[in-house]
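Everything in the sequence shown is counted per our numbering, starting at 197 for the first residue and increasing by one. Cβ coordinates follow ideal geometry from the N, Cα and C atoms, glycine included. Beneath this line is the structure, given in C-alpha cells, with notes to follow.
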Amino acid sequence: MKRALQAFGVILVVLNVGAVLFFLWASSGRLPEEDLAQARTYAPAPDTTLPDTLTVTTYNIGYLSGMRNNEPVVRPDSLFYANMDQAVRFFRKTDPDLVGVQEIDFGGARVAHVDQLDTLAARLGFPTAARAVNWDERYLPFPYGRPAVNFGRTLSGQAVLSRFPIREHVRNVLPRPPQPFFRDAFYLDRLAQVAVVDFGGRPLVVINVHLEAFHVGTREQQARIVNDLYRRLAEEGVPALLLGDFNSSFAASNSDGPAEDSTMQYLLADTDLRAARTAVADTVAATYPADAPHQRIDYIFYPPRFFAPTDVRRWCGTPDPPSDHCAITASFRLALSAEEWPSNETRPSLETGSVE
C-alpha cells in the first residue's frame with residue numbers, strides 16, 4: 197500500500213511538472229521582439245505625384261475562417277483556399293490603394309500554414325506591406341476541446357497593404373484586460389499599428405487598430421490612448437486616417453444603463469475625425485456579424501480638412517462570407533491641392549503613451 201501511494205505521488209508530481217513545462221512552452225512565442233513589426237517590400241513601389249483620389253479599405257478577415265471563426269470545429273484546408281479566392285475577387289473589384297487588415301494569419305497551423313499577408317500581396321500586386329504580430333504562441337489550446345480543433349502554432353496580427361512606399365512602421369501594444377494568469381498567457385495583444393506611407397512625396401499616416409472585444413473598461417482606455425496619438429499628429433498638421441475593428445459602435449456609446457460603452461466618445465474627443473458612412477441607414481451599414489449584420493463596429497475615420505468622401509461601400513461576401521466581419525471601402529478626393537498638402541518632414545513620435 198505504501199509503495200502504491202509513493203508511486204501515485206510520483207505520477208502526480210510528474211504530471212504537474214509536465215503541465216507546467218507544457219504551459220511555459222506553449223505560451224511562449226518564437227519570434228524575437230524586433231521581428232514583431234516588419235515592413236515588407238514585394239516589388240518597387242512607383243514614385244508618383246500626389247494623386248487626386250484615394251481608396252481605402254478596412255477588413256477584419258477573421259483568418260478567412262468564415263462565420264465559425266472561434267468555434268471548436270475542424271475546418272478543411274479547402275475552406276481557407278475558397279475564402280482567400282473570394283477575398284481576392286473582392287479586392288480586385290474595389291482596387292484599394294491602402295488596406296488595413298485585422299485578424300490576418302502569417303502561416304499558422306489553423307490556416308494550413310498559408311501566410312495570408314504574402315498571399316494577398318502577391319495575388320493583388322501590392323508592392324509593400326507592414327506586418328504587426330499580436331499573437332505568437334507555440335501552441336494555442338483554443339478553441340477549447342479536443343486537440344483537432346485547437347489552433348496550435350499561432351502567428352497572426354494586423355497588416356497594412358499599400359500601393360505607396362512605406363517609410364515608417366510602429367507596433368504599439370495597448371493595455372491588456374484584467375484576467376487570470378492562465379488566460380492572459382495565451383491572450384492576444386491589442387495593437388495600434390501605425391504606418392507612414394509616401395503619398396506622392398508627402399507623408400500620410402495610417403493608424404490600424406483592433407480594440408479589446410470583451411472588457412469595456414480596457415477598450416475605453418485603449419480608445420483614449422489612440423485618441424492621444426491622433427491628436428498629437430493633428431496638432432502638427434500631419435494627415436492621418438484611423439481605421440479598423442473598434443469592437444464598439446456609436447449606438448453602444450449612446451446607450452443607457454450599466455452596459456454603457458463610451459469607447460467612441462473617448463476615441464473621437466477633441467478631434468476633427470468623421471466616419472466614412474454609406475449612403476444608407478446605419479442598420480444596413482452594419483458590419484457584424486457578416487451573415488446578418490446588426491452592429492457597426494468597423495470604421496474608417498478621416499479628417500475633412502484633407503479628405504472628402506465620394507463613395508463608401510460595405511461588402512460582406514455571398515453566399516458564404518469569408519469572414520465574420522464585413523469590409524468597408526471608402527473612396528476620397530483630396531480636399532487640398534498638391535501645393536497645399538503639408539510636407540511634414542518632422543512629426544511627433546508614432547508611439548503611444550499611457551493616459552491617466
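Distance check between G353 and each of G341, N368 and Y340 places N368 closest, using alpha-carbon atoms only.
Taking the C-beta atoms as reference points, L469 is found nearer than 8 Å to Y498. Inclusion of V366 and P268 in the CB contact set at 8 Å is not warranted, their separation being larger than that value. As a beta-bridge residue in DSSP terms, G296 pairs with T254 and V356. Within 10 angstroms of the beta-carbon of R226 lie fewer than 16 other beta-carbons, which makes it exposed. Nearest in C-alpha terms to P323, of all of A471, A235, I524 and R529, is A235. Burial state of T350 is buried, judged by a 10 Å Cβ sphere holding 16 or more other Cβ atoms. In the DSSP assignment, L437 falls within the beta strand (DSSP E) that extends over A436 to D441. Residue environment: D301 is assigned as buried (16 or more neighbouring CB atoms within 10 Å of its CB, all protein chains considered). Closest in alpha carbon position to D487, among T514, Y495 and T467, is T514. Comparing C-alpha distances from T467 to each of A419, D457 and C512 shows the shortest one belongs to A419. The continuous stretches of beta strand (DSSP E) do not include A278, which lies in the alpha helix (DSSP H) extending over residues D273 to T290. Approximately 4 Å separates the beta-carbon atoms of L357 and V295; this is inside 8 Å, confirming the contact. In the three-state scheme derived from DSSP, where H, G and I count as helix and E and B as strand, R306 is classed as helix. Comparing alpha-carbon positions, the option among E432, I403 and L387 lying closest to R415 turns out to be L387. As computed with DSSP, D311 is found in a beta bridge with F302. Scanning its chain for C-beta atoms nearer than 6 Å, with the 5 sequence neighbours on each side dropped, one finds around R306 the residues F347, in chain order. In this structure, the beta-carbon distance from T244 to T525 does not fall below 8 Å.
The segment 327-339 makes no contact with the segment 506-522, as fewer than three CB pairs between them are under 8 Å. Between the alpha carbons of G396 and W331 lies a gap of roughly 34 Å. Residue L425 holds the alpha-carbon nearest to the alpha-carbon of V434 among L425, H406 and F442. Residue pairing by DSSP places P240 opposite no residue, since no beta bridge is assigned to it.
Closest in C-alpha terms to D248, from the list S539, P361, F503 and R543, comes F503. A distance below 8 Å separates the beta carbons of P500 and A531.
In this structure, the alpha-carbon of F442 lies about 27 Å from that of R271. A direct Cα-Cα distance of roughly 25 Å separates D231 from D293. Taking 8 Å as the cut-off, the Cβ atoms of P371 and Q298 do not count as close. In the displayed model, Q234 falls within a strand according to three-state DSSP. A residue is called buried when at least 16 other Cβ atoms come within 10 angstroms of its Cβ; H406 meets this threshold and is buried. When C-alpha distances from G258 are compared across P485, L546 and Q491, the shortest belongs to P485. Here G413 carries a helix assignment [DSSP, helix/strand/coil].
Per DSSP, Q389 is one residue of the beta strand (DSSP E) stretching across L387 to F395.
Non-local beta-carbon contacts of T459 in its own chain, meaning distances under 6 Å to residues more than five positions away in sequence, involve R415, E416, A419 and S444 in chain order. Cβ contact annotation for R492 (same chain, cutoff 8 Å, sequence separation greater than five): S445, F446, A447, D478, A481, A482, T483 and Y484, in chain order. Where D466 is concerned, there is no enclosing alpha helix (DSSP H), because DSSP gives it neither an H nor an E. Between the alpha carbons of G303 and R319 lies a distance of about 16 Å.
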